[in-house]
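Enquirer:
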Amino acid sequence: MLNKTASALLLSVALMLPLAGSAADAEPDDAALSALLVGTWINPPDSPDFERIPSRETFLADGTYTYFEYKDMACRKLVERITVRWTLRDGILTSILSDGAILKDKIVSLTQEKIVLRSLDDGRSYFRVRSTACPTALNRGRNTVSPPSH
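Heads up: the sequence shown runs through residues -26 to -1, 1 to 124, numbered per mature numbering (1 follows the signal peptide of the UniProt record, and there is no 0).
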């Protein structure tokens, strides 16, 4: 009787293990994440890395994105525009700057409206929201989240 109970328990555990692996496999693949990443994302005032410098990033499907940084809080005076190459592999977003510097971020979560990232360089977590508006407009209570493009 004990052998049958032990065998039944082992069989139950063995049958559950593939299910646990399947849950991990259900995560979006890099192609799906890449497609969802394409668009414009802003650094909102409530993101941990917002330093009162409005900025946005526009990701293109060709593997580049452009970073825009503004001098004023109304986003009227562009102070910097940088084109960056990007790749996504195993959920890691790699940004390759023109000077050869490489930044790596783990995509913690990604939806149509928000991306949460964790820097593999310093461990900080931060997020971006999908929008084409000036990030400081969020403080004024405006709805700045762009509708998904189809």
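Where is the CB? At the ideal position from N, CA and C, for every residue including glycine.
Starting from Ser8, follow the alpha helix (DSSP H) in both directions and report where the run begins and ends.
Expert: It spans Asp4 to Leu11 - the alpha helix (DSSP H) in which Ser8 sits, taken as one unbroken run.
Enquirer: Using only CA atoms, which one of Pro2, Ser8, Ala9 and Trp15 lies nearest to Lys88?
Expert: It is Trp15.
Enquirer: Exposed or buried, which one is Pro2 when buried takes at least 16 other CB atoms within 10 Å?
Expert: So Pro2 counts as exposed.
Enquirer: How many Å lie between Asp20 and Lys45 at the Cα?
Expert: When rounded, the distance between both Cα atoms is 19 Å.
Enquirer: Ends of the beta strand (DSSP E) at Arg98?
Expert: Looking at the DSSP string, Arg98 is not in any beta strand (DSSP E), and its letter there is neither H nor E.
Enquirer: For Leu94, I'd like the list of residues in its chain whose CB is within less than 8 Å of its CB, leaving aside the five on either flank, ordered along the chain.
Expert: Closer than 8 Å at Cβ, skipping near neighbours: Ile66, Lys78, Asp79 and Lys80.
Enquirer: So which of Val12, Asp4 and Arg30 has the shortest CA-CA distance to Thr110?
Expert: Considering only alpha carbons, the answer is Arg30.
Enquirer: Could you give the residue range of the beta strand (DSSP E) that holds Lys45?
Expert: That residue, Lys45, is in no beta strand (DSSP E); it is neither H nor E in DSSP.
Enquirer: With a threshold of 8 Å on Cβ separation, who are the neighbours of Lys51 within its own chain once the five nearest residues in sequence on each side are excluded?
Expert: Hits under 8 Å: Tyr44 and Lys45.
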